[in-house]
Each structure stands twice: as C-alpha cells, then as structure tokens.
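In the numbering used here, the protein residues as written are 18 to 322.
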Ligand code: NCD
C-alpha cells in the first residue's frame, strides 16, 4: 500500500498507524522493537531515494527498515545512472525488476510520488514532495502529541503551526492529519507566509504570536524555507514578531504548552537554544518517535500487520 499524502487517507488509517507505532516504543519511551517484529521484513529490501537534503527522515527510514529485518538500499542521485539522464521512473522500474520491495522517495517535484505510484507495482512512500506533503512527519508529530499529552482522543486539543507555513509540506500534512484526528489547528506567521485563501486548509488563522501561543497546547515551529521563496525576510523583525525565547515562553505560552519542530532548527531564529533545549521542547522525542512511526508505515505498506 502506498503512503503518498494525508489528503488521501482516512482518520481510521491514521489511527491504525498510530496504534501500530506504539508497539515500537519501550516502557522508557525510547525506540524498541519487540522480538516478533525483528524479522518481519527479512525477505524485503527498501530503496531510499532522497533528492533533497535529509538527515532525520532518511536515517529514521533506514533504521526502521533495519529494525524490521529489511535491507535498506540508499540510491543517491550522484554516482547513479540518474546522472546519465535516466529518469527516476526508469530507475525505479529497474530496481523493481531486481526485486526491490518498496520505494521511499523525497524529491522537489510535487507530482513525482503520484506518477511513480501509477507506474510502479510496489509501495511508494512519500518522504517529502517539494512544498507538497510530508505524511510521515505528520504522523510522528501526531504520535508525539498523543503520547506526551496522554490522549485518548485529539478532540479539545489545540495545536498552533507557526512561521513559514505556506512553503511547508510539514505544515500542510500536519494541519490535515491533526484536524482529521479531531484537533483544532491554528496557523500563525507573517501574512505573506500563511497559506493563500484559495488553498483549502482546515485551519484557523490568527494574526499574532501571543494569540496562537495563548491558545495552543503545543506549537509546531517551522524554519523559514529560503530555498522555496523568492522574497527576502527581514530576520530581526521576524524574530521579534514570531520567534520564541524564554521570555516569550513565560509571558505568552500556556503554563503546560509544548514546543515542537520537525528540524532542522535554525537556532536564534525561530527558537533560541535555551528554548530548543529546554523542558518544554519535544524536538528530540519527535526524532526518536520518527523511527517507530516509520516502522509502522513500512509494515503497513508491506501488508504485514
Ligand atoms: C522538514 C522537511 O524536509 O520537510 N524536515 C524534516 O523532514 N524533518 C522541514 C524543513 O526542511 O524545514
């Protein structure tokens, strides 16, 4: 089964994956694979095709494959036949002919995972398609919230997504997934970095940081995605209006509000180091949970649940 976009999944699909992911955490909340799963995919290989920078997402898919007994195969664009002009579709079809069982792909072209899913017969997992979607990040964010807030249901939970929302696939997938699960999603940031009216986002826009933080049980902070924007941002005024330092935590956040970030964090811009490393930060929990969630996604894609 493919995992291309949150816009194509149901609440039930999300709940199944979240529940499966919880099997891959030990009692201490750290990644742990029960012995019955350690060889679950030992007859499988998974191609990891990353055509944009990635550390967390690529490594966590690689670890997820290894911990289920599958062989991860990293296909870099440099040094492969893609440099000779072969298309990604050709590459995938050839790897499929060799018996590769699934493709995890990150690529700037938004339509690529959908095209591959049409033309390749094994599961395609979207690990980020340009400014489109990042479904496994949304799952790991929902999973982290579910566990941290000890949630039976997301009803009544408010999550703010703040910063450069319009260029962010994390924001789009996160807003769709969290609202599908029943949470209330707020977006906040400079007006030109919020989604345009014609895009159907299931979110409430608010115009100040203090309103967003004052209502949020957790805030997902975003990096300014300079690689996806034409205009310049005045960093000092951006930090003043939208950045979070310890004073902002104390004066604007709910007493138990949490801070999340998909990474990479640009320290000193969206978050100061004291806040990124502070007691409310879930950033390293998110990274750890990413492995558990991707184990669930791989097992589900191979139909081994
Ligand atoms: C994000 C991405 O690449 O979409 N990072 C990630 O996957 N952890 C966000 C970003 O690049 O800012």
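The beta-carbon is built from N, C-alpha and C at its ideal position, and this holds for glycine as well.
- By the C-beta criterion, the stretch 261–274 is judged to be in contact with the stretch 293–308, since at least 3 inter-stretch pairs fall below 8 angstroms.
- For residue 91, the enclosing beta strand (DSSP E) stretches over residues 88–92.
- In terms of side-chain proximity, the C-beta atom of residue 151 is found nearer than 7 angstroms to a non-hydrogen atom of the ligand NCD.
- Residue 121: member of the beta strand (DSSP E) spanning 119–124, first to last residue.
- Secondary structure note for residue 245: it is in no alpha helix (DSSP H), with a DSSP letter that is neither H nor E.
- In this structure, residue 145 sits away from residue 61, with a CB-CB distance that is not shorter than 8 angstroms.
- Membership of residue 84 in the alpha helix (DSSP H) is indicated by the continuous run 73–84.
- Going by C-alpha positions, residue 302 is about 27 angstroms away from residue 25.
- Note that the C-beta distance between residue 161 and residue 317 is not below 8 angstroms.
- A straight-line Cα-Cα distance of about 27 angstroms links residue 20 and residue 173.
- When the beta-carbon positions are compared, residue 219 and residue 190 stay at least 8 angstroms from each other.
- For residue 71, the distance from the CB to the nearest heavy atom of the ligand NCD is below 7 angstroms.
- Beta-carbon to beta-carbon, residue 120 and residue 64 are separated by about 5 angstroms, close enough to satisfy the 8 angstroms threshold.
- By alpha-carbon distance to residue 81, the top candidate from 311, 322, 319 is 311.
- Secondary structure of residue 70 (DSSP, three-state): coil.
- Ranking 71, 170, 56, 42 by CA distance to the CA of residue 281 puts 71 first.
- For the pair residue 292 and residue 263, the Cα-to-Cα distance works out to about 6 angstroms.
- Residue 229 and residue 236 do touch by the CB rule: their CB atoms are close to 7 angstroms apart, below 8 angstroms.
- Beta-bridge pairing by DSSP links residue 143 to 122.
- Taking each of 198, 175, 69, 113 in turn and checking the Cα distance to residue 205, the smallest one comes out for 175.
- Measuring C-alpha to C-alpha distances from residue 231 to each of 287, 266, 126 identifies 266 as the nearest.
- Within the same chain, and ignoring the five residues on either side of residue 141 in sequence, the residues whose Cβ sits closer than 6 angstroms to its Cβ are 19, 120, 130, 133, 134.
- Remark: the C-beta of residue 161 is outside contact range of the ligand NCD, defined as less than 7 angstroms to any heavy atom.
- Closer than 7 angstroms to some heavy atom of the ligand NCD: that describes the Cβ of residue 280.
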